[in-house]
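S.K.: Could you have a look at this structure, given as structure tokens, before my questions?
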Amino acid sequence: MGVAASSLQILQASANLPMVAKPLLGLLSDAVPIRGHRRLPYVAIGALLQAISWLAIALWPAISLPVLTIFLLLSNFGASICEVANDAIVAEAGKQGTSSAGSGQLQSFAWMFGSSAGALGNLLGGIALSYFSPRIMFLFFAILLVLQFFTTVAIPESSLKLPKAATNLSALTSIRKQVRELSCALCMPEMFWSIIWFTLSYTVIPFLLGTMFFYQTEVLRLDSSVIGLSKVFGQVALLAWSMSYNKYFKTISARKVLSVLQFAKALIMLSDVLFVQGIYRKIGIPDSIYTIVFSGLFEGLMFFKVLPFSVHIAKLCPAGCEGSVMAFVMSALALATIVSGYLGVALAAFMGVSGDDFSALPACLLIEAACTMLPLCCSSLVKERREKEKKEE
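Yeah, the sequence shown ends on 393 if you go by full-length UniProt numbering, and it's all consecutive.
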């Protein structure tokens, strides 16, 4: 691609910028209904923005890099709108169950289907790229988004049996009311400290994903199909984790689950040190196999924590502001990953890692692993709902 390792990681981190707007989108979705509905109209709007972006990229002749960047940001903005509405739907519908055993089940099922679709999409996309040009692929995905738009418009939101929006308030009054409710929810000690820990568990880590990607593709010369298969493996791992969490780990405290996942991330980083030093290659494990399995598993591990934390927050969240709270959490996650990506660039530059010299990469990975362990020292910040409050409800 002719892009330096540091530039590549900056681009990857900056791609999350539209996701930072999620709190505002969550407030709009909660407080400003469209024709009396708060969720599906926003899903339709997000799908339409993405369809416009992909159609423009597919049909625009000789598109320049600045124009391409604008359309990609517009597409990601549309995706963030869809995600905010979808997260709110899952949170609201998931709270309708009364049994504690069923709490969080819908979130797990949503992750299962999302992971299955992600694995299938990555696999089919990798195969299709061997036969079709990128413009044809953009056009195909744009058509799928157009179909999603019309399908969403055709579905009545009443069929989802979600809580109805108050229709006797103006948009400005509703937004002010929602801001107050969001502020009260975020000031709950259990909510506040849990979000603080979750955000810090990403922010303090100087992620080296872009540097590792550059090392695998430009230094080891691994084929793009290997990278694609690693992403498929990551989605399959997410699917397996969703099923396992729903069946075995849902009743375990969020603090324990999140701590174990944080520790597992550090172990994968330590394994990457051995990979970069060629230890696995010496014992007969090809670089391609390691990349498919462990790099894919690491990318999956980055998102493993989102499921148990989403279930945890959904349990704490007061009724009526699920969309705003979940949007705030996802925005904090997006901002944390951006910061961690920039920290990774700074760490690599400070240690002297460049496109021609990766001798300091093992040391960088050791620092990354050490930083990953730091949040375990304050995992007690993840607060559970007090038993007294549970009984009162």
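Just so it is clear, CB atoms sit at the ideal spot from N, CA and C, and this is done for glycine as well.
Going by the CB atoms, is the gap between C371 and I136 shorter than 8 Å?
M.R.: No, they are not a contact pair.
S.K.: In its own chain, which residues sit with a C-beta less than 7 Å from the C-beta of L366, not counting the 5 before and 5 after it?
M.R.: V273
S.K.: May I have the straight-line CA-CA distance separating L381 from P286, to the nearest angstrom?
M.R.: Rounded to whole angstroms, L381 to P286 spans 41 Å at the Cα level.
S.K.: Can you tell me the Cβ-Cβ gap for A348 and V20, rounded? I've got them flagged as a contact below 8 Å.
M.R.: Between V20 and A348 the Cβ distance is about 24 Å, and since that is not below 8 Å, they are no contact.
S.K.: With DSSP collapsed to three states, give me the class of I127.
M.R.: helix
S.K.: Can you list, in chain order, the residues of its chain whose CB lies under 7 Å from that of S100, leaving out five sequence neighbours each side?
M.R.: Model confidence at S100 stands at a pLDDT of 47, short of 50, so the residue's coordinates are unreliable and nothing is read from them.
S.K.: Using the C-alpha atoms, what's the distance from L40 back to I63?
M.R.: 32 Å
S.K.: I need the DSSP call for I155, collapsed to helix, strand or coil.
M.R.: coil
S.K.: Where does I285 sit, in a helix, a strand or coil, going by DSSP?
M.R.: coil
S.K.: First and last residue of the alpha helix (DSSP H) that includes C371?
M.R.: L361 to M373
S.K.: Ends of the alpha helix (DSSP H) at Q277?
M.R.: Counting along the chain, Q277 falls outside any alpha helix (DSSP H), and DSSP gives it neither H nor E.
S.K.: By Cβ distance below 6 Å, which residues in the same chain neighbour L162 in space, the five residues on each side in sequence not counted?
M.R.: E92
S.K.: Excluding the five sequence neighbours on either side, which residues of its own chain have a C-beta within less than 7 Å of the C-beta of L208, listed in chain order?
M.R.: G344, A348, C364, L365 and E368
S.K.: Decide if L120 is buried, meaning its Cβ has at least 16 other Cβ atoms within 10 Å, or exposed.
M.R.: Burial call: exposed.
S.K.: Just list the residues that DSSP pairs I34 with in beta bridges.
M.R.: According to DSSP, I34 bridges with H37.
S.K.: What would DSSP say about L24, mapped onto helix, strand or coil?
M.R.: helix
S.K.: Return the residue from the list F328, V311, R38 and F132 that minimises the CA-CA distance to E384.
M.R.: Ranking F328, V311, R38 and F132 by CA distance to the CA of E384 puts V311 first.
S.K.: DSSP state of W60, grouped into three classes?
M.R.: coil
S.K.: Which ranges would you report for the alpha helix (DSSP H) in the stretch 176-264 if only whole runs of at least 4 residues count?
M.R.: 189-203, 209-214 and 224-244
S.K.: Touching or not, the stretch 323-333 and the stretch 17-36, by the rule of three or more beta carbon pairs under 8 Å?
M.R.: yes
S.K.: Kindly indicate which residue of S116, Y215, R35 and I196 has the alpha-carbon position closest to the one of M330.
M.R.: I196
S.K.: Check V67 in the structure and name its three-state DSSP category.
M.R.: It is helical.
S.K.: May I ask you to report which of helix, strand or coil DSSP gives residue 394?
M.R.: The question about residue 394 has no answer, for the chain in this structure spans 1 to 393.
S.K.: Using the Cβ count rule (16 or more neighbours within 10 Å means buried), how would you classify K250?
M.R.: buried
S.K.: So, with DSSP's three-state summary, where would you put S53?
M.R.: helix
S.K.: Would a C-beta distance cut-off of 8 Å place G126 and S225 closer than the cut-off?
M.R.: yes
S.K.: Let me make sure I understand the geometry here. Which of T211, F275, K256 and Y290 has the alpha-carbon closest to that of F233?
M.R.: Y290
S.K.: What residue range is occupied by the uninterrupted alpha helix (DSSP H) comprising M19?
M.R.: Looking at the DSSP string, M19 is not in any alpha helix (DSSP H), and its letter there is neither H nor E.
S.K.: Applying the criterion that 16 or more other CB atoms from any shown protein chain within 10 Å of the CB defines a buried residue, is T98 buried or exposed?
M.R.: Only weak support is given to the placement of T98: the predicted model assigns it a pLDDT of 48, under 50, and the value that follows is read from those uncertain coordinates. By the 10 Å Cβ count, T98 comes out exposed.
S.K.: Could you check where the alpha helix (DSSP H) with E310 kicks off and where it finishes?
M.R.: According to the sequence shown, residue 310 is Ser rather than Glu. Note, S310: alpha helix (DSSP H), V306 to L316.
S.K.: Can you tell me whether G278 is buried or exposed, with buried defined as 16 or more other CB within 10 angstroms of its CB?
M.R.: exposed
S.K.: Can the beta-carbon of S201 be found closer than 8 Å to that of P375?
M.R.: yes
S.K.: Could you say which of A360, L27, S354 and A336 lies nearest to E181 if we only look at CA atoms?
M.R.: L27
S.K.: Looking only at C-alpha atoms, which of P61, G46 and F275 sits nearest to S29?
M.R.: G46
S.K.: Using three-state DSSP, classify L162 as helix, strand or coil.
M.R.: coil
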